[in-house]
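Sequential numbering of the sequence shown, starting at 23, is according to this note's numbering.
Read through the structure below, which is laid out as structure tokens, and then see the notes.
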Amino acid sequence: MLVVAISLLARVWADDPSEITLELEGPLVSAVTGTTDRLTPTEASTDPAMTLAPGRVQPSRQEWEALLPRVQAVVDENPGDVNALRKLALAHYNLGRLDEAAALYEELLAIEEDSVLRNRLGNTLRDMGDSAGAEAAYRKAIADDPAIAPHYLNLAELLWRQGRNQEALTVLNEGLESVPEEQRAALEEGRRVLEKTTD
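See the structure below:
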């Protein structure tokens, strides 16, 4: 039953269902969501030196490996370039360099609080095995911007992995009350899946 639930959750919570690859393991891909942290549209559309392959929003591992030195060069030339720092943190995260990613997220959050970055810090801490830190980061991301569905989904997944199914359902229900209607589908499906696993 647990394998079925993981498979269903992977399909529900993936940002892009075509990216689901359950064979991947480790910090690069969440075993439940099947996704890596994604570039926001702003992050994906800036400096040409850091541009991804045409038509791609989410880079592959090879693209992250190629992107990392280019982004590092931009950061080295302009250490205050927040967008480049965001990309550098994402590159480190998606390449499994979690300590570097966490440090960059902390640095960026010290400059300015941002719920997306706080959520990404939560993902990094989760993958480092710091469940308490991840939970605190997700809860802060929700408090700072309660209209973003992935914050609730990540917290619910973390709670579910800890066997805290009722708390996970409560988080999803809170998300359904706060997230705009057109962005609730993943929360609704996640709730259905969790309800089936708790029966």
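Virtual Cβ for every residue (Gly too), placed ideally from N, Cα, C.
- For the pair Gly144 and Asn116, the CB atoms are not nearer than the 8 Å cut-off.
- DSSP places Pro91 within a helical segment (H, G or I) once states are collapsed to three.
- Out of Ala165, Asp166, Asn141 and Asp167, the CA that lies nearest to the CA of Gly155 is found in Asn141.
- Proximity of the segment 107-122 to the segment 84-96 meets the contact definition, three or more beta-carbon pairs being nearer than 8 Å.
- Glu157 and Leu180 do touch by the CB rule: their CB atoms are close to 6 Å apart, below 8 Å.
- Less than 8 Å separates the beta-carbon of Ala163 from that of Ser137.
- Secondary structure note for Pro172: its alpha helix (DSSP H) is the uninterrupted segment Ala171 to Arg183.
- For Asn187 and Ala208, the gap between their C-alpha atoms comes out near 17 Å.
- Excluding sequence positions up to five before and after Tyr160, its CB lies within less than 7 Å of the CB of Asn141, Gly144, His173, Asn176, Leu177 and Leu180, all in the same chain and listed in chain order.
- Burial check for Gly212: the Cβ neighbour count within 10 Å reaches 16 or more, so the residue is buried.
- In this structure, Ala169 sits away from Trp182, with a CB-CB distance that is not shorter than 8 Å.
- Asp121 sits in a helix when the DSSP states are folded into three classes.
- In chain order, Val104 place their CB closer than 8 Å to the CB of Ile133, counting only its own chain and leaving out the 5 sequence neighbours on each side.
- Under a 10 Å Cβ-count criterion, Ala123 is classified as buried, with 16 or more other Cβ atoms of the shown protein chains found around its own Cβ.
- Note on geometry: alpha-carbon atoms of Glu217 and Lys109 lie some 36 Å from one another.
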